[in-house]
Amino acid sequence: MKEQARQARAESRIVGLVPTMGALHRGHLSLIERARRECSPVIASIFVNPKQFGPNEDFSKYPRTFESDSEKLERAGVDFLFAPEALEIYPGGFATYVNVDGLSEKLEGRSRPGHFRGVTTVVMKLLQIVQPNFAYFGRKDAQQSRLITQMARDLNLDTEIVVCPPVREPDGLALSSRNVYLNAEERQAATVLYRALNVARNELAAGVRDALHLQTVLQRALSAERLARMDYAEIVDAETFEPVVRVKRPCFVLLAVFIGKTRLIDNLYLEPKSLDAEELVFHF
Ligand code: AMP
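In structure tokens form, the structure reads like this:
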């Protein structure tokens, strides 16, 4: 992979990287489409990174669909697929980690200790191997893409991090490889995340700015769904991911919810329509 990427760079081509864990869906493919518009070659990686799963998480049963993934990537016009083995990425004696202090410990990091350290470490390694001009990530994982942008800045990487909007099912459920864990009843219940985000949007559009009030509204919307158990529902500053008291700057409404045993996350990004404007623009 290093040799191929090095050659492309030597030819002054614009190299794009789309890191994934496989079990590919239209969300992943949207990143590839964007990369294809801006880069050639486009390199996709598939690596189910053991270091970002906690001991009681789903590493061993995470969906692995390599054959159909590689067909999808070929049809999508990806030039190279990088699918290393765990031992190539973490050979014996591996000892160096990347951690974005502070940001890594909040929200997802609080619920999943060590998760983001695993993410930033593997993404740093992928960026070192490929040294792409652009690397593409989904805003579906809002805190993750924020962390990676921070890491790229802090470590003076030559890669520009591009964050792309979430792709959703027609009923609003954000596409995720973990959606395959849901049975039919849970799949229906999983729409509660999008419904809750919409309830918050409607309150905000009606002028509500008090974060505590919005949180209560989110909790109420989520508790209406019998199969849903809230992990967190927060309104945070889009830069710092610190909870806000009132919504005035760009913010995320962040949700993490268990549907049965499956943990799903989703978010709504919102920003003032213009500098100091009261009116907000919403990005699902
Ligand atoms: P994963 O395979 O889950 O690690 O995801 C690989 C990349 O795809 C990450 O940058 C994700 O944020 C992104 N991604 C996952 N789901 C979606 C989605 N529904 N829409 C857009 N991007 C997504």
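Just so you know, the sequence shown maps onto residues 231 to 514 in our numbering.
Each residue gets a CB set at the ideal place from its N, CA and C atoms; glycine is no exception.
These figures come from a predicted structure and were not determined experimentally.
In this structure F346 is in contact with L377, their Cβ atoms being roughly 6 Å apart against a cut-off of 8 Å.
F312 and T351 have their C-alpha atoms spaced approximately 17 Å apart. Here the segment 379 to 386 does not lie against the segment 398 to 407, with fewer than 3 beta-carbon pairs under 8 Å apart. Relative to the non-hydrogen atoms of the ligand AMP, the Cβ of R398 comes within a distance shorter than 8 Å of at least one. Distance from the C-beta of D371 to the nearest heavy atom of the ligand AMP is below 8 Å. Inter-residue distance for L427 and E233 is about 45 Å (C-alpha atoms, whole angstroms). Counting only unbroken stretches of 3 or more residues, the beta strand (DSSP E) elements lying wholly within the segment 474 to 505 are 481 to 489, 492 to 502, in sequence order. At a Cβ-Cβ threshold of 9 Å, D461 and S334 do not count as neighbours. Nearest to H255 by alpha-carbon distance, out of L500, F277, V278, E399, is E399.
Within a 10 Å sphere around the beta-carbon of Y499 sit 16 or more other beta-carbons, which makes this residue buried. With distances taken between CA atoms, V483 lies nearest to Q449 out of V410, Q449, H258. Under the DSSP assignment, R342 falls outside any alpha helix (DSSP H); it carries neither an H nor an E label. According to DSSP, residue pairing for H513 in a beta bridge involves Y499.
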